[in-house]
Amino acid sequence: MLSAIEIEKISHELRHVPVKKAACIEALKIVQQERRWVSDESVADIAAMLEMSAAEVDSVATFYNLIFRKPVGRHIILLCDSISCYVMGYTALRQRLHEILLIGYGQTTADERFTLLPNACLGTCDHAPALMIDEDLYRDLQPEDLEQILEKYH
Amino acid sequence: MERPLTQHIPDNGAALHLREYEAVGGYSALRKALRDMEPAQVSTLVKEANLKGRGGAGFATGMKWSFVPMNVPGPKYLIANADEMEPGTFKDRWLLEGNPHQLLEGMILASYAIQATDAFVFLRWAYKDAAREMRRAIADAYTAGYLGKNILGSAFSLEMQLHTGVGRYMCGEETALLNSLEGKRATPRAKPPFPQVSGLFGKPTIVNNVETLSWISHIVNNGEAWFKSLSYTADGGTKIYGVSGRVNKPGAWELPMGITMRELLEEHAGGMRNGYRFRGALPGGASTDFLTDAHLDVKMDFAGVAAAGSRLGTGTMVVLDDRTCPVGFVHNLEHFFAQESCGFCTPCREGLPWTEKILWSLENGTGEPSDLELLERHARLLGPGNTFCALAPGAMEPLQSALKYFREDFEQHIKEKKCPYAHHQH
Numbered sequence: 052m053l054s055a056i057e058i059e060k061i062s063h064e065l066r067h068v069p070v071k072k073a074a075c076i077e078a079l080k081i082v083q084q085e086r087r088w089v090s091d092e093s094v095a096d097i098a099a100m101l102e103m104s105a106a107e108v109d110s111v112a113t114f115y116n117l118i119f120r121k122p123v124g125r126h127i128i129l130l131c132d133s134i135s136c137y138v139m140g141y142t143a144l145r146q147r148l149h150e151i152l153l154i155g156y157g158q159t160t161a162d163e164r165f166t167l168l169p170n171a172c173l174g175t176c177d178h179a180p181a182l183m184i185d186e187d188l189y190r191d192l193q194p195e196d197l198e199q200i201l202e203k204y205h
Numbered sequence: 039m040e041r042p043l044t045q046h047i048p049d050n051g052a053a054l055h056l057r058e059y060e061a062v063g064g065y066s067a068l069r070k071a072l073r074d075m076e077p078a079q080v081s082t083l084v085k086e087a088n089l090k091g092r093g094g095a096g097f098a099t100g101m102k103w104s105f106v107p108m109n110v111p112g113p114k115y116l117i118a119n120a121d122e123m124e125p126g127t128f129k130d131r132w133l134l135e136g137n138p139h140q141l142l143e144g145m146i147l148a149s150y151a152i153q154a155t156d157a158f159v160f161l162r163w164a165y166k167d168a169a170r171e172m173r174r175a176i177a178d179a180y181t182a183g184y185l186g187k188n189i190l191g192s193a194f195s196l197e198m199q200l201h202t203g204v205g206r207y208m209c210g211e212e213t214a215l216l217n218s219l220e221g222k223r224a225t226p227r228a229k230p231p232f233p234q235v236s237g238l239f240g241k242p243t244i245v246n247n248v249e250t251l252s253w254i255s256h257i258v259n260n261g262e263a264w265f266k267s268l269s270y271t272a273d274g275g276t277k278i279y280g281v282s283g284r285v286n287k288p289g290a291w292e293l294p295m296g297i298t299m300r301e302l303l304e305e306h307a308g309g310m311r312n313g314y315r316f317r318g319a320l321p322g323g324a325s326t327d328f329l330t331d332a333h334l335d336v337k338m339d340f341a342g343v344a345a346a347g348s349r350l351g352t353g354t355m356v357v358l359d360d361r362t363c364p365v366g367f368v369h370n371l372e373h374f375f376a377q378e379s380c381g382f383c384t385p386c387r388e389g390l391p392w393t394e395k396i397l398w399s400l401e402n403g404t405g406e407p408s409d410l411e412l413l414e415r416h417a418r419l420l421g422p423g424n425t426f427c428a429l430a431p432g433a434m435e436p437l438q439s440a441l442k443y444f445r446e447d448f449e450q451h452i453k454e455k456k457c458p459y460a461h462h463q464h
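Protein sequence lines correspond, in order, to chains X and W. Quick note: the first sequence uses our numbering, first residue 52, plus one each step. Quick note: the second sequence uses our numbering, first residue 39, plus one each step.
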């Protein structure tokens with residue numbers, strides 16, 4: 052069931068759009084903000100509220116890279132794997148992250164602290180390689196920087 | 039050398055807020071246009087300046103605006119495409135974070151020119167600082183009367199919203215962007231009808247790039263002759279160029295349109311890092327053809343780069359050095375394109391993963407001599423005219439040019455059954 056806050060926020064978005072469906076992405080963002088991910092149940096709840104089918108909402112949810120349809124950790128690590136970061140050695144960062152966290156792409160640490168995901172170009176190519184943790188951008192990285200950075204997140 | 043777009047952005051990149059923007063002449067172009075100019079005059083001025091779109095395609099901005107039907111009632115939309123997601127591209131970020139009001143003023147002027155009723159900034163998710171600055175700038179512009187009803191006492195009204203995306207390269211394609219703003223999957227639409235006639239929610243819509251829109255206030259204030267005088271070539275204005283890769287000073291700079299690749303690499307990017315040699319570069323993001331050291335004197339404008347067999351694209355160059363494997367480099371690009379294909383049309387959905395797998399097998403020593411022909415066939419069959427939008431043809435540009443300029447590397451991978459580069463990385 053959608054929470055009162057979710058319903059209120061989605062209703063607010065509905066005031067800005069000419070058809071209910073148009074609030075689909077915003078509704079997914081709202082639910083994810085509240086629950087970190089979007090469950091089957093939430094997909095059905097959004098569908099009911101926006102007068103769409105659950106399949107239709109899911110087709111939108113699964114299309115976008117940053118809507119999570121599986122549970123994720125408390126912090127999301129987005130490692131840039133695009134071309135400038137490739138040239139500047141992002142693969143060494145990925146290797147180090149695997150060593151520290153013992154997880155691969157798409158996986159979450161056992162303590163639910165981190166989920167590791169590859170991400171297309173973060174648009175900071177003059178400071179490659181780069182990654183983002185939640186809303187924080189880290190640039191000009193060396194593998195040996197990572198441990199200290201990760202310690203900031205609990 | 040004039041740098042109209044970036045001269046007021048402090049060296050630390052911090053945003054110019056409303057009062058600071060006004061103190062350097064901000065919103066004077068909007069005052070002037072609303073007081074002295076008809077909407078059509080703004081369009082004509084932009085057309086005469088021959089401002090070409092800075093998002094990658096280089097289409098004439100004034101021409102694009104002129105397709106909007108002016109005599110139909112109901113809503114019309116103006117959208118700033120701030121979904122900068124072309125790998126190797128980091129120029130709009132500078133403008134969004136550093137001078138948000140310059141973009142807003144350009145958007146308001148563009149909206150006035152086409153008589154738009156609503157404007158959107160379509161911003162990519164990862165640009166958190168830009169989101170914060172844009173949100174503040176929009177709120178400040180409302181408070182100051184530059185947005186909302188009867189702007190500066192005129193008959194013109196405009197509402198503006200910030201939309202942050204949820205991550206998908208396709209959203210940069212203008213019709214896919216419209217679908218995404220409508221809450222749908224970001225798949226491209228059939229054209230015609232063009233968005234100028236039937237765009238967002240079926241209403242006339244203009245989508246322009248951030249750097250393009252940031253020009254409008256300057257052109258309104260200073261005129262088309264001034265705009266043209268900034269450039270070294272027939273394409274007017276300055277351009278924000280960037281360089282990334284193993285150069286001494288990667289970065290972005292606002293420079294006269296048409297400087298040479300050599301100047302950009304040697305003078306601004308400080309040349310190659312010690313121990314690395316230049317082998318080639320994608321001149322304007324991931325979906326442009328390689329240029330090589332034979333092209334260093336090419337002028338970096340739309341016509342110059344096109345004559346050399348590539349595209350200016352976004353003007354942000356990614357350098358390939360002699361210690362990075364060209365096959366691995368292209369594999370990285372094709373992996374990106376295969377992943378970001380929306381899956382809507384078959385050649386792109388099937389062809390890109392196939393291309394990626396062939397390149398992967400070359401890198402891993404299981405390539406066959408016939409693979410080169412297969413790659414060439416893909417470059418042809420996923421080229422212009424065979425797919426629904428420009429994603430796959432763009433993806434083929436670095437591949438086809440790599441096969442041309444770095445062919446011996448591809449052949450060596452097959453012959454030696456391994457990647458010959460010591461630094462090879464997957």
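Glycine included, every Cβ here is placed at the ideal spot set by N, Cα and C. Bear in mind the structure is a predicted one, so any value in this text is a computation, not a measurement.
Query	Result
If residue 465 of chain W and residue 436 of chain W are in contact, beta carbons under 8 Å, what's the gap, nearest whole angstrom?	Chain W is shown from 39 up to 464; residue 465 of chain W falls before or after that span and cannot be answered.
What would DSSP say about residue 138 of chain W, mapped onto helix, strand or coil?	helix
If we ignore side chains and look at the alpha-carbon of each, how far apart do residue 343 of chain W and residue 460 of chain W end up?	32 Å
By DSSP's criteria, residue 169 of chain X is part of a beta bridge. Which residues make up the other side?	X:130
Is the distance from the Cβ of residue 273 of chain W to the Cβ of residue 339 of chain W below 7 Å?	yes
Return the bridge partner residues of residue 119 of chain W from the DSSP annotation.	W:160, W:247
Tell me where the alpha helix (DSSP H) around residue 434 of chain W begins and ends.	429-443
If you follow the alpha helix (DSSP H) that residue 328 of chain W is in, where does it begin and where does it stop?	From DSSP, residue 328 of chain W is part of no alpha helix (DSSP H); its letter is neither H nor E.
Run through chain W and tell me which residues come within less than 7 Å of residue 80 of chain X, C-beta to C-beta.	204
Report yes if the CB atom of residue 160 of chain X is closer than 7 Å to the CB atom of residue 154 of chain X, and no otherwise.	yes
Determine the DSSP secondary structure at residue 187 of chain X, reduced to helix, strand or coil.	strand
What's the gap between the Cα of residue 106 of chain W and the Cα of residue 452 of chain W?	53 Å
Measuring only between beta-carbons, confirm whether residue 370 of chain W sits less than 7 Å from chain X.	yes
Within its chain, find whatever has a CB closer than 7 Å to the CB of residue 305 of chain W; leave out the 5 residues flanking it on each side and keep chain order.	none
Quick test of the definition: if touching needs 3 or more C-beta pairs under 8 Å, does the stretch 176-183 of chain W touch the stretch 283-298 of chain W?	no
Measuring only the C-alpha atoms, how far is residue 352 of chain W from residue 97 of chain X?	38 Å
Relative to the C-alpha of residue 108 of chain X, which residue among X:143, X:80, X:166 is closest?	X:80
Tell me the residue span of the alpha helix (DSSP H) that contains residue 172 of chain W.	166-181
Any idea which residues DSSP pairs residue 291 of chain W with across the strands?	W:279
Apart from the five residues just before and just after residue 389 of chain W, which ones in its own chain have a Cβ nearer than 7 Å to its Cβ?	416, 419, 420, 430
I'd like to confirm the pairing. Which residues does DSSP put opposite residue 359 of chain W in its beta bridges?	W:316
Counting only Cβ-Cβ distances shorter than 9 Å, please list the residues of the stretch 135-159 of chain W near chain X, keeping chain order.	none
Going by C-alpha to C-alpha distance, which of W:275, W:298, W:140, W:427 sits closest to residue 230 of chain W?	W:427
For residue 248 of chain W, tell me which candidate among W:335, W:411, W:43, W:130 has the shortest Cα-Cα distance.	W:130
Measuring straight from C-alpha to C-alpha, what distance separates residue 129 of chain X and residue 70 of chain W?	45 Å
Decide if residue 70 of chain X is buried, meaning its Cβ has at least 16 other Cβ atoms within 10 Å, or exposed.	exposed
Since residue 357 of chain W contacts residue 281 of chain W with CB under 8 Å, what's their CB separation in whole angstroms?	6 Å
Since I believe residue 180 of chain X is in contact with residue 141 of chain X (beta carbons under 8 Å), could you give me their beta-carbon distance rounded to a whole number of angstroms?	4 Å
Between which residues of its own chain and residue 283 of chain W is the CB-CB distance below 6 Å, once the five residues before and five after are set aside?	356, 357
Could you give the residue range of the alpha helix (DSSP H) that holds residue 195 of chain X?	Residue 195 of chain X -> no alpha helix (DSSP H), and no H or E assigned at all.
I'd like the ranges of any beta strand (DSSP E) spanning at least 3 consecutive residues and lying wholly in the stretch 41-79 of chain W.	none
Given that a residue counts as buried once 16 or more other Cβ atoms are within 10 Å of its Cβ, and exposed if not, what is residue 119 of chain W?	buried
Say whether the stretch 212-232 of chain W touches the stretch 249-261 of chain W, bearing in mind that this needs 3 or more beta-carbon pairs closer than 8 Å, one atom from each stretch.	no
Which residues in chain W have a C-beta closer than 7 Å to the C-beta of residue 69 of chain X? List them in chain order.	239
Please list the segments of the alpha helix (DSSP H) lying wholly inside the stretch 56-107 of chain X, counting only runs of 4 or more residues, in order along the chain.	75-86, 91-101
Here's a check: name, in chain order, each residue in its chain whose Cβ is nearer than 8 Å to the Cβ of residue 204 of chain W, leaving out the five neighbours to either side.	163
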